[in-house]
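A.B. asks:
Numbering (the working numbering), first residue to last: 70 to 213.
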């Protein structure tokens, strides 16, 4: 587990080093392009200037992308939970509730809240559910 975090840190460090190097090269190309244009070599000057602007835009895009990823994680895990599925044999009403110790499949659970029958609801299944919260605006939580 520790090796993966060290590897991740090395990759991030390498990525920022490469971004810094690209930023340095881009600024150098912009200054060389301006000097070439002022000395009369317009074609080389424009090409150097445009390559410098392109590199600078690439650095700005990647920094903005990293900043956005660090500030807004897309999905937060709420963790697993165990649920018990009950079904009423009288009216067919089906409900999910949190697992209680002593629940077992085809056992008897709580009374039906819909028809209030004397016979307790039948436990149909016990499942492990994983829930996730999506932080994007306007989206519902994703449940698996």
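Backbone N, C-alpha and C fix where the C-beta goes; we use that ideal spot for every residue, glycine too.
Just grab the DSSP bridge partners of residue 105 for me.
C.D. replies: DSSP output for residue 105 lists no bridge partner at all.
A.B. asks: Give the single residue among 131, 120, 182 whose Cα lies nearest to the Cα of residue 97.
C.D. replies: Among 131, 120, 182, the Cα nearest to that of residue 97 is on 120.
A.B. asks: Going by DSSP, name the residue or residues bridged to residue 165.
C.D. replies: According to DSSP, residue 165 bridges with 154.
A.B. asks: So what does residue 149 bridge to, in DSSP terms?
C.D. replies: According to DSSP, which records beta bridges pairwise, residue 149 is partnered with 199.
A.B. asks: Can you list, in chain order, the residues of its chain whose CB lies under 7 Å from that of residue 101, leaving out five sequence neighbours each side?
C.D. replies: If we look at residue 101 and ignore the five residues flanking it on each side, its Cβ neighbours are 117.
A.B. asks: Under 7 Å Cβ to Cβ from residue 113, same chain only, skipping five residues before and after it: list those, please.
C.D. replies: Closer than 7 Å at Cβ, skipping near neighbours: 105.
A.B. asks: Measuring CA to CA, which of 186, 92, 155 is closest to residue 196?
C.D. replies: Minimum Cα distance to residue 196 is reached at 155.
A.B. asks: If you compare alpha carbons, which of 199, 95, 127, 83 is closest to residue 150?
C.D. replies: It is 199.
A.B. asks: What three-state label does DSSP hand residue 132 in the structure shown?
C.D. replies: In this structure, residue 132 counts as helix in the three-state DSSP scheme.
A.B. asks: Consult DSSP for residue 96 and reduce its assignment to one of helix, strand or coil.
C.D. replies: Reduced to three states, the DSSP call for residue 96 is helix.
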